[in-house]
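Listed in order, the protein sequences are those of chains A and B.
Okay, so the first sequence: first residue is 0 according to numbering that gives the first Met the number 0, each after it adds one.
Okay, so the second sequence: first residue is 0 according to numbering that gives the first Met the number 0, each after it adds one.
Beta carbons are placed, not taken as given, at the ideal position from N, Cα and C, and that holds for glycine.
Note that the structure is a prediction, hence the values are computed from the model and not measured.
Data block below; observations after.
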Amino acid sequence: MKPVVRGPEPVAAEVKALLDRRAERARARPRLEEETVLWMAEFPVGEEQYAIPLETLRAAVPLKMVTPVPLSPPHVIGILRFQGQIISALSLASLLGGRGWREDPAVLLVVDPGVGRLVALDCEQIPKPVGIPAGLVEEARGRSKGAVSEIVLPGLRQLNLLDLRKLMDRRAATGRP
Amino acid sequence: MNDPMLEQLVAGFVDESQEIRDRVVHQVLALEKADKVDGQSFEELARGLHTLKGSAATLGLSELADLAHRMEEVVLPLSGATGPLPARVADGVLRVLDVWMARLRAVAAKSEELPDLADSIALLQELDQPAAKSRPASEAPGKEPARKARSTKTEPAREAPALETDGPAAGDEATWRVGTRRVLALMREVERLRELRLRLEERRREMERALAQLSRLGILTETAEARALLMGVSRAVGADGEEASDIIASMEEGLKAISTLPVRTVLEPLRRSLRDLCKRSGKEAQLSVSGAELSLDRRVLEALQGALAHLLRNAIDHGIETPEERAARGKQREGALSVRVEQQGNTIFLEMSDDGRGLDAEQIREVALRKAIAPAEELSAMGTGQLHQLIFRPGFTTRDEVSEISGRGVGLDAVRNQVQALQGNVEVQSEPGRGARFILTMPAEMGSSPVVVVRCGEHRLGVPMVAVESSRMARAKDLQVGRTRVQLLHRDELVPVRDLGALLGFRQPEAPAEGQPLLVLKWQDRKLALGVDEVEGDRELVIRPMPVELRHLPAYQGAATLARGELVPIVRPDWLVNLERRGDAVLGSTRRALVVDDSLTARALHRTALESGGYLVHTASDARQALEQLRHSAYDVMVCDIGMPEMDGFQLTSAVRARPDLDAMPIILVSARESPAEGQRGAAVGADGFLSKRDCVSGRLVSEVAGAIARRKARV
Chain A
0 MKPVVRGPEP
10 VAAEVKALLD
20 RRAERARARP
30 RLEEETVLWM
40 AEFPVGEEQY
50 AIPLETLRAA
60 VPLKMVTPVP
70 LSPPHVIGIL
80 RFQGQIISAL
90 SLASLLGGRG
100 WREDPAVLLV
110 VDPGVGRLVA
120 LDCEQIPKPV
130 GIPAGLVEEA
140 RGRSKGAVSE
150 IVLPGLRQLN
160 LLDLRKLMDR
170 RAATGRP
Chain B
0 MNDPMLEQLV
10 AGFVDESQEI
20 RDRVVHQVLA
30 LEKADKVDGQ
40 SFEELARGLH
50 TLKGSAATLG
60 LSELADLAHR
70 MEEVVLPLSG
80 ATGPLPARVA
90 DGVLRVLDVW
100 MARLRAVAAK
110 SEELPDLADS
120 IALLQELDQP
130 AAKSRPASEA
140 PGKEPARKAR
150 STKTEPAREA
160 PALETDGPAA
170 GDEATWRVGT
180 RRVLALMREV
190 ERLRELRLRL
200 EERRREMERA
210 LAQLSRLGIL
220 TETAEARALL
230 MGVSRAVGAD
240 GEEASDIIAS
250 MEEGLKAIST
260 LPVRTVLEPL
270 RRSLRDLCKR
280 SGKEAQLSVS
290 GAELSLDRRV
300 LEALQGALAH
310 LLRNAIDHGI
320 ETPEERAARG
330 KQREGALSVR
340 VEQQGNTIFL
350 EMSDDGRGLD
360 AEQIREVALR
370 KAIAPAEELS
380 AMGTGQLHQL
390 IFRPGFTTRD
400 EVSEISGRGV
410 GLDAVRNQVQ
420 ALQGNVEVQS
430 EPGRGARFIL
440 TMPAEMGSSP
450 VVVVRCGEHR
460 LGVPMVAVES
470 SRMARAKDLQ
480 VGRTRVQLLH
490 RDELVPVRDL
500 GALLGFRQPE
510 APAEGQPLLV
520 LKWQDRKLAL
530 GVDEVEGDRE
540 LVIRPMPVEL
550 RHLPAYQGAA
560 TLARGELVPI
570 VRPDWLVNLE
580 RRGDAVLGST
590 RRALVVDDSL
600 TARALHRTAL
610 ESGGYLVHTA
620 SDARQALEQL
630 RHSAYDVMVC
640 DIGMPEMDGF
650 QLTSAVRARP
660 DLDAMPIILV
670 SARESPAEGQ
680 RGAAVGADGF
690 LSKRDCVSGR
700 LVSEVAGAIA
710 RRKARV
């Protein structure tokens, strides 16, 4: 049988307009939220995994750079010099109310919590960057009013997302994490 | 005013006008007091008013140009007169000048509410009448002063000379107006550069160490090339460091020139204030100034302005008596106020003294009692010097009513706060009936101050040199050790002794050992012998504020960077000498715990847990330090990490158990591992309990410690 080449079937003008509109909508459809990824710095605190937005992380420096200051509150482990400024080094485990502690931290993360100054937080390991779907982050933040939001990643891996500003604000307001 | 260029010019004109206004005020005050006409002062006064007029006109500020013109109209006819400037004219010009400046500032700030000029115009019109100017002219009636010819009411103000603006076309002597923030930012950058220079020096030292290690290995031939290379780099780094030092020194010198001002810039306005205060209070006083030519950090001077104004008000309101009172006491009718500024090394001394009635210690005691500023028993034990210091307490005033000048009880408190914010101190000396002297002591530059660096336990700390009278060794023959206090016989005086480590809460108070270094401090008329472990020496250090999280600690002025980049907290001398701290009294009744751990985090977490359980916690970062602390202090429990370098927790436990005097002290060992074997080994060397770090964070530390203490007690 000889193949017959067929062109587009003639359609009514209204139908063509309808199809064009559908095509346009399809082209304009936003990308799925799950495809947008937020970059986080993930690190362990005891047996739990924590994460902070990568853009808040300024540096990771050795903990031995800290100078202890007598009479300071228990959550302040000392002070250090960072880019010409003197900043506080805080015990993250203490800020979290003694939550998690597996090995003694050796690293300080210099972070910008968005409160107009930098602070350093102690940490067991140098953090690794991890991409987390924005939808999951938003959903977790929406559920939690505190400084820690729990995210369950595919494979039921749990990650605690830290809101550094809330952590600092709450410490300043109540003296408690 | 929507033209950005014009806005910028007006902003610059505010500063320029302030300078001119200050000069005009100075001349008015001089002419008012002069017995004989000083032609030069008059010319300067006239020139100042004329410049204000011309500059305002150039910027289109016609109301201000007109007002300046009217002031000229009042003043210029008096040129050539022989007597002093009439008081009414002086009053009027000074008042109008204030309004003039206020209006200019409001215009520059684009304020919608501009100060009204109508009253000022009316005042000047009144003064322009011949009767107001009673000063006789020395010149012939037809001979008008030269400036008068140019300053008639018909003269268009715009004919005045154009505003001198700063611009790139100007020559070498031209001036630029630069924002304070930019200069401060530059100063911070230079400070960072200085830190970088220190790091460079540290790198060079590290290379030298590497070279020395290579030489010690004994493989000289094989490493010859590498060592030669390292040596060359080390030398180059050293040379670069020297050059960097020269550049930094030159930049600092330049910045110092930019950021300093003669002291007279803050002292001259005091003359005007004094005049106004005297007029208002009906008192008479004269101000003499010495050291006005000294140049100091602008930030210090700006911060001091308010303090000086408070002290002046205080002197007139409380110190200087009325002329009648003074005459009755055999004093001159006119009171004498003097300000003396002096710089000794890196310390500025600013004294303001008066010959008024002085401080009444008994009245201060009564007021302090009535206003509950201090408890009655404390007040009755206070000497005159201590009572005098109470006038700096918030809310203190001997006035029952608020006067126009003072009496609200905020003045001297504010003075103290302002001076303390400059890392300084204020004290007062007084003799009843003979006057009072306020002495403000501050570091000469915000950036750099001499500091004595000491070691105490594991900490290095700085004590400002300005408070250190001397340093010496403790000798048993000079110490008087009582049940509650230790005193040192020092230069025929008994001085209380305190241990720095105990004051800072990381070890228990103890009498100094034979030969232990003592720093004798003197601050606010108080002395203290401060026990430390070692005096490392004095350094010129840049003291920076503590970070926000620690700024509430009254013990510290700030922190400074040592040559190798380490930070050293700087202790506040007034905190050290203040022996009536509340914290010391409760130490005896609290249970004490010693935490030994090389991890800062571990110490922080154990402290958090134990302090919440009601324990007073001292810490040690290794076994050696712990043994040292146990030699002098008693603890109810020791919490000790197993994994420490040099001497681990098991070895420390054995060493402690070998001492019979520590037999009753329970020991809890903490390990990163949950190992029954470690628990058994701990028990074998004499530990009372074993916890993993996981147990500690689950909240078991406090209950385990309490249990161990109870078990030990039951055994006894």
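* Is there a Cβ from chain A that is less than 8 Å from the Cβ of B/ARG571? -> no
* Hey, is B/ALA501's beta-carbon within less than 8 Å of any beta-carbon in chain A? -> no
* To do: Take the Cβ of B/ALA108 as the centre, count every other Cβ of all protein chains shown within 10 Å, and call the residue buried at 16 or more, exposed below.
  => exposed
* To do: Report all residues from its chain with a CB closer than 8 Å to the CB of A/MET64; omit the five preceding and five following residues, and keep chain order.
  => LEU79, ARG80, LEU107
* What do you get for B/ALA101, buried or exposed, if any count of 16 or more other CB atoms within 10 angstroms of its CB means buried? -> exposed
* **Classification of B/ARG658 by the beta-carbon crowding that lies within 10 angstroms, buried from 16 upward** => exposed
* To do: Check the Cβ-Cβ distances between B/ASP583 and every residue of chain A, and say whether any is below 8 Å.
  => In this prediction, B/ASP583 has a pLDDT of 46, which is less than 50 and means its spatial position is unreliable; what the coordinates show is noted afterwards. Judged by the 8 Å Cβ criterion, B/ASP583 is not in contact with chain A.
* Below 8 Å CB to CB, which residues in the same chain sit around A/LEU18 once its five sequence neighbours on both sides are set aside? => VAL10
* Does the beta-carbon distance from B/VAL450 to B/VAL462 come in below 8 Å? -> Yes, they are a contact pair.
* Asked: Hey, is B/HIS317's beta-carbon within less than 8 Å of any beta-carbon in chain A?
  -> no
* May I have the straight-line CA-CA distance separating B/ILE438 from B/PRO268, to the nearest angstrom? => 20 Å
* **Spatial distance of B/GLU403 from B/ILE390 (CA atoms)** => Residue confidence for B/GLU403 is low, a pLDDT of 48 falling below 50, so the modelled location carries little weight; the figure read from the coordinates is stated next. Cα-Cα distance, rounded: 19 Å.
* Asked: Whose Cβ in chain A lies nearer than 7 Å to the Cβ of B/THR600?
  -> ILE76, SER90, ALA92, ASP103, PRO104, ASP121
* B/LEU499: buried (16+ other C-beta within 10 angstroms of its C-beta) or exposed? -> By the Cβ neighbour-count rule, B/LEU499 is buried, with 16 or more other Cβ atoms within 10 Å of its own.
* Rounded separation between A/GLN157 and A/LEU166 - CA only -> 20 Å
* Asked: Taking DSSP as the reference, what is the three-state secondary structure of B/PHE649?
  -> helix
* Where B/HIS458 falls, given that 16 or more other Cβ within 10 Å makes a residue buried -> buried
* Do B/ALA473 and B/GLN507 have their C-beta atoms closer together than 8 Å? -> no
* Asked: Can you check whether the CB of A/ILE85 is closer than 8 Å to the CB of B/ALA603?
  -> no
* To do: Within the same chain, show all residues whose beta-carbon is closer than 8 Å to that of B/GLN17, passing over the 5 residues directly before and after it, in chain order.
  => MET100
* Using Cβ-Cβ distances below 7 Å, what residues of the stretch 599 to 624 of chain B are close to chain A? -> LEU599, THR600, ALA601, ALA603, LEU604, ARG606, THR607, ALA608, GLU610
* Looking only at its own chain, which residues have a Cβ that is under 7 Å from the Cβ of B/ARG196, when we skip the five neighbours before and after it? -> GLY240, ALA243, SER244, ILE247
* To do: Mind checking which residues open and close the beta strand (DSSP E) that includes A/LEU160?
  => 156 to 161
* Delimiting residues of the alpha helix (DSSP H) encompassing B/ALA67 -> 61 to 74
* Return the CA-CA distance between B/ARG215 and B/ALA705, expressed in angstroms with no decimal places. => B/ALA705 has its alpha-carbon roughly 53 Å from the corresponding atom of B/ARG215.
* To do: Would you please state the rounded distance, in angstroms, between the beta carbons of B/LEU77 and B/VAL88? I believe it to be under 8 Å.
  => 7 Å
* Asked: Is B/LYS152 buried or exposed, if buried means 16 or more other CB atoms sit within 10 Å of its CB?
  -> Its pLDDT being 38, under 50, B/LYS152 is placed unreliably in this model, and the coordinates cannot settle the point.
* To do: To the nearest angstrom, report how far apart B/LEU700 and A/PRO43 are at their CA atoms.
  => 23 Å
* Span separating the alpha-carbon of B/GLU610 from that of B/THR618 -> 12 Å
* Is the CB-CB distance between B/ARG202 and B/VAL24 below 8 Å? -> no
* Asked: Any residues in the stretch 55 to 68 of chain A with a beta carbon nearer than 8 Å to a beta carbon of chain B? Which ones, in chain order?
  -> LEU62, VAL65, THR66, PRO67, VAL68
* Taking Cβ positions only, does B/LEU586 come closer than 8 Å to chain A? -> Note that B/LEU586 scores 45 on pLDDT, short of 50, meaning its location in the model is unreliable and no value can be drawn from it.
* Asked: Are the stretch 618 to 630 of chain B and the stretch 590 to 602 of chain B touching, with three or more C-beta to C-beta distances below 8 Å?
  -> In this structure the stretch 618 to 630 of chain B lies against the stretch 590 to 602 of chain B, because at least three pairs of beta carbons, one per stretch, are closer than 8 Å.
* Do three or more CB pairs link the stretch 474 to 493 of chain B to the stretch 634 to 646 of chain B at distances below 8 Å? -> no
* Alpha-carbon spacing of B/LEU30 relative to B/GLU42, whole angstroms -> Whole-angstrom Cα-Cα distance: 11 Å.
* Asked: Excluding the five sequence neighbours on either side, which residues of its own chain have a C-beta within less than 7 Å of the C-beta of B/LEU421, listed in chain order?
  -> VAL299, ALA302, MET441
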